[in-house]
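This report refers to the structure that appears directly beneath it.
Number of protein chains: 2
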Amino acid sequence: MQVSGGDLQRLRQQNTLNSLRVLREARAPLTLTELVAQTGLSRASVGDVVAELQQRGWIAEVDPTPGTLGRPAKRYRFRTDVGHVLGIDIGVHKVLAVVTDLAGRVIASGRVAVDRHTARHERLEAVWRAIDAALVAAGRAASDLWGVTAGSTGVVNREGLVTRVHDLPDWAGVELAGHLGQRLPCPITIENDSKLAALAEQRLGVAAGVQDLVYLHVGRRPGAALILNGRLHHGFSGATGEVGLMEVTGWRTMAGHLEGCRAAVGASPEEAARLVFDAARAGDREAQAAVDTYAHHLALGTAAMVLTLDPELVVLGGGFSRSADVLLPALNRALEPHCVRVPDIRPSTLGEECVALGGACLALDDVDERLFSLEGAILDPAAPQGVS
Amino acid sequence: MQVSGGDLQRLRQQNTLNSLRVLREARAPLTLTELVAQTGLSRASVGDVVAELQQRGWIAEVDPTPGTLGRPAKRYRFRTDVGHVLGIDIGVHKVLAVVTDLAGRVIASGRVAVDRHTARHERLEAVWRAIDAALVAAGRAASDLWGVTAGSTGVVNREGLVTRVHDLPDWAGVELAGHLGQRLPCPITIENDSKLAALAEQRLGVAAGVQDLVYLHVGRRPGAALILNGRLHHGFSGATGEVGLMEVTGWRTMAGHLEGCRAAVGASPEEAARLVFDAARAGDREAQAAVDTYAHHLALGTAAMVLTLDPELVVLGGGFSRSADVLLPALNRALEPHCVRVPDIRPSTLGEECVALGGACLALDDVDERLFSLEGAILDPAAPQGVS
Chain A
1 MQVSGGDLQR LRQQNTLNSL RVLREARAPL TLTELVAQTG LSRASVGDVV
51 AELQQRGWIA EVDPTPGTLG RPAKRYRFRT DVGHVLGIDI GVHKVLAVVT
101 DLAGRVIASG RVAVDRHTAR HERLEAVWRA IDAALVAAGR AASDLWGVTA
151 GSTGVVNREG LVTRVHDLPD WAGVELAGHL GQRLPCPITI ENDSKLAALA
201 EQRLGVAAGV QDLVYLHVGR RPGAALILNG RLHHGFSGAT GEVGLMEVTG
251 WRTMAGHLEG CRAAVGASPE EAARLVFDAA RAGDREAQAA VDTYAHHLAL
301 GTAAMVLTLD PELVVLGGGF SRSADVLLPA LNRALEPHCV RVPDIRPSTL
351 GEECVALGGA CLALDDVDER LFSLEGAILD PAAPQGVS
Chain B
1 MQVSGGDLQR LRQQNTLNSL RVLREARAPL TLTELVAQTG LSRASVGDVV
51 AELQQRGWIA EVDPTPGTLG RPAKRYRFRT DVGHVLGIDI GVHKVLAVVT
101 DLAGRVIASG RVAVDRHTAR HERLEAVWRA IDAALVAAGR AASDLWGVTA
151 GSTGVVNREG LVTRVHDLPD WAGVELAGHL GQRLPCPITI ENDSKLAALA
201 EQRLGVAAGV QDLVYLHVGR RPGAALILNG RLHHGFSGAT GEVGLMEVTG
251 WRTMAGHLEG CRAAVGASPE EAARLVFDAA RAGDREAQAA VDTYAHHLAL
301 GTAAMVLTLD PELVVLGGGF SRSADVLLPA LNRALEPHCV RVPDIRPSTL
351 GEECVALGGA CLALDDVDER LFSLEGAILD PAAPQGVS
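Taken in sequence, the protein lines are chains A and B.
Every letter in the first sequence is one number past the one before it in UniProt numbering, and letter 344, counting from 1, is 344.
Every letter in the second sequence is one number past the one before it in UniProt numbering, and letter 353, counting from 1, is 353.
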């Protein structure tokens, strides 16, 4: 069989990209010997590839471990500091922007408080202020960003349009991607906030490595999101995890069982649930009964998803998950009668940065896809953000 | 960068496998020019690859279209006749075995009637008789098979063990793969029957090309299966689509609303539903009300899955789907109040071969995976069944 010059050129580029991907996905720096084993390339080819990648700035040699006897083998790592992405959480009560490196580590963030009465144009201004603050804190310009993902409350369709919102009357239909694109010259994705929270937990949080999970957002407005086969599941119109729309679950009104409790009298709606969980923890019978009723309804919608999908894990996120020590046992008890196997349920560990972090994770997925699907053409680190 | 002899050898094998895959996936025979375009290889390389594949027996030249003016370009197709797989449906009332070619076309089949009182060892004997009949009819030996998948009623776990069965008291725990492996010297997979029916509809039936769908098995014992991102979804323990376990859906008892109808008096349980659907079609008010009540419950479980997953399509399969002209409008009406978007619902088109066909499809997936993941080593058509 003949091999043309073009074929050879393609082979070289493929070897370079494959080596870069192996280094990108490695959990620790790799020696040349390890690279040979993991790429299947010859020692000589790996030497050439590493020299090229180092010269272009994609990888760096790691200092030898101090105290190692003899001459240690050189080790190389992917340089996660050559690029940055931006994750944004546009919520009812806050806008949070985080700048992360290519490992998803937060370099800097900016936060602006808003509320349910903030008008659309004011909320959009708050988004810019949060972004600017995060960029200033990171010492970066908008042109340094390789990708941006913003999470919004409401249903977000395939085209990134917010199609339905319960909490913010003037937010549906907002053209977020177009708006952000005016000043951010890189690929921009819009996604539902619970979906991003689920992704963050799977990449960086309590669900690290789990392939199939249901993320439950428990708060005044409950929601859910799915990770299936390790990836965010969107559904046909972006409306996955909407079991709360079934009257029979009682999801629409279940927070009222907590807010109507004696322990919550006089508290703001935002504070009420926490006070009831506190009272239940302290032994207040009425509060415990309210938590059980709430858990009964939460379990109905959760069981619908668990019985449909048989997931490995359920992650409990959202404001009420801060009282997981009280809520989780009640939810477990309430699920038992419905399920053959109640899956493991764990409270979120990422806290209030969850959605913005998930945005950074999704932006990084997109960066990797662009980097490693260029039909064999390896770019310099200064170039990737221009790739569309 | 250096390119070693081993790298070159690997490149050649990769090119051969990629070309074979392009021909395998093509919907029509391809010319050399089309192969060049679709593989990205040079004309000379494609010429070499095609000669090698033809000589090994993997591809064949297609006779030129009669009536074509001038000298038509040679066209090549993947030879779907070089290998065969076996799909088996082990149901409550029948065992059906089909032998298909590598395109999933049924070459021959064998069928044995059983019933709910057939003991485990008798059912296993019936499986062998159906397999033997299919092989005899196909003019093949067990050693000609490249893969086998058997579908069983009940929950089938990741290891292929039947863990829970409602209809057949002595069937749970049956070691199907080990049993079949005694006489079938090729890879064997065991799967739940509804899951295989869903796969068949997605590959060969009414859901061709749809990426996300819910398959509803409507019959005396309702069930469901999921195709997500184009692949069968198993869940953590194989128990997906089990929404019927929620009391609130009424799935366990809903067939009784049909069987208790006046139109069904005196009929066998297997016949009752059909008589009621017939009466409803003819305008019998009581039968229509019974169908509506049945559809109300069917819709509750269906809504749980639809709201969880937001699928593109729901496929209605199983015995009752033969009365889809009556059932489907009732189900649509009953779903409306629960769903933001009622997905498209279509009745199954594959009929009673559905499960066995799905078995053949899954066996073919496995064959392709073995063929195209051999790290570049292309085998002869006589060899693949030996690969494990």
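Just so it is clear, CB atoms sit at the ideal spot from N, CA and C, and this is done for glycine as well.
All values reported here derive from a predicted model rather than from experimental measurement.
Cβ-Cβ separation, residue j to residue i (assumed contact under 8 Å), whole Å
i: B:G110; j: B:A119; result: Wrong, their Cβ atoms sit about 21 Å apart, outside the cutoff.
i: B:G219; j: B:F372; result: B:G219 to B:F372, Cβ: 37 Å. No contact.
i: B:N157; j: B:G238; result: 4 Å
i: B:V136; j: B:A126; result: Their Cβ separation, rounded to whole angstroms, is 15 Å, which puts B:V136 and B:A126 out of contact at 8 Å.
Test: residue i CB closer than 9 Å to a CB of chain A
i: B:C339; result: yes
i: B:L364; result: no
i: B:S237; result: yes
i: B:L226; result: yes
i: B:L300; result: yes
i: B:L135; result: no
i: B:L379; result: no
i: B:G317; result: no
i: B:L17; result: no
i: B:V82; result: no
i: B:R164; result: yes
i: B:N192; result: no
Below-9 Å beta-carbon distance, residue i vs any chain B residue
i: A:P222; result: no
i: A:H121; result: no
i: A:H217; result: no
i: A:M254; result: no
i: A:G6; result: yes
i: A:A303; result: yes
i: residue 390 of chain A; result: Nothing in the structure corresponds to residue 390 of chain A, since chain A is present only between 1 and 388.
i: A:E352; result: no
Residues near residue i by beta carbon distance below 7 Å, same chain, minus five either side
i: A:G339; result: Per the sequence shown, residue 339 of chain A should be read as Cys rather than Gly. If we look at A:C339 and ignore the five residues flanking it on each side, its Cβ neighbours are A303, V306 and L307.
i: A:L313; result: A207, V210, L213, P343, D344 and R346
i: A:R262; result: E286
i: B:H297; result: T249, G250, W251 and M254
i: A:V165; result: T153, G154, W171 and A172
i: B:A272; result: L258, E259 and A264
i: B:G318; result: H217, V218 and G219
i: A:L362; result: T149, T189, E191, L196 and L199
Opening and closing residue of the alpha helix (DSSP H) in which residue i lies
i: B:R120; result: R120 to A138
i: A:D278; result: P269 to R281
i: A:G147; result: No alpha helix (DSSP H) contains A:G147, which is instead part of the beta strand (DSSP E) from L145 to S152.
i: A:E286; result: R285 to L309
i: B:R322; result: B:R322 -> no alpha helix (DSSP H), and no H or E assigned at all.
i: A:T39; result: L32 to T39
i: B:V46; result: R43 to R56
Residue burial classification, residue i (beta-carbon count within 10 angstroms, cutoff 16)
i: B:D212; result: buried
i: A:A150; result: buried
i: A:A28; result: exposed
i: A:P229; result: Note that residue 229 of chain A is Asn in the sequence shown here, rather than Pro. It counts as exposed.
i: B:V22; result: buried
i: A:K74; result: exposed
i: B:P187; result: buried
i: B:L116; result: Leu is not the amino acid found at residue 116 of chain B; the sequence shown has Arg there. By the neighbour-count rule (16 or more Cβ atoms within 10 Å), B:R116 is not buried but exposed.
i: A:E122; result: exposed
i: A:S388; result: Residue confidence for A:S388 is low, a pLDDT of 40 falling below 50, so the modelled location carries little weight and cannot support an answer.
i: A:R12; result: buried
Limits of the unbroken beta strand (DSSP E) element including residue i
i: B:G317; result: L313 to G317
i: B:T100; result: K94 to D101
i: A:P347; result: D344 to P347
i: A:V162; result: V162 to R164
i: B:L213; result: L213 to H217
Listed by chain order, chain E residues near residue i by CB distance under 8 Å
i: B:E242; result: No chain E is present in this structure, whose protein chains are A and B.
Residues near residue i by beta carbon distance below 8 Å, same chain, minus five either side
i: B:D101; result: T80, D81, G83, H84 and I107
i: A:S19; result: L35, T39, L41, V46, V49, V50 and L53
i: A:V291; result: L258, V276, F277, A280, V326, L327 and A330
Residue i Cβ short of 8 Å to the ligand FMN heavy atom set
i: A:D81; result: You won't find the ligand FMN in this model; it holds no ligand whatsoever.
6 Å CB neighbourhood of residue i in its chain, flanking five on each side removed
i: B:G256; result: none
i: B:S323; result: F277
i: A:L32; result: V46
i: A:T240; result: L226 and H233
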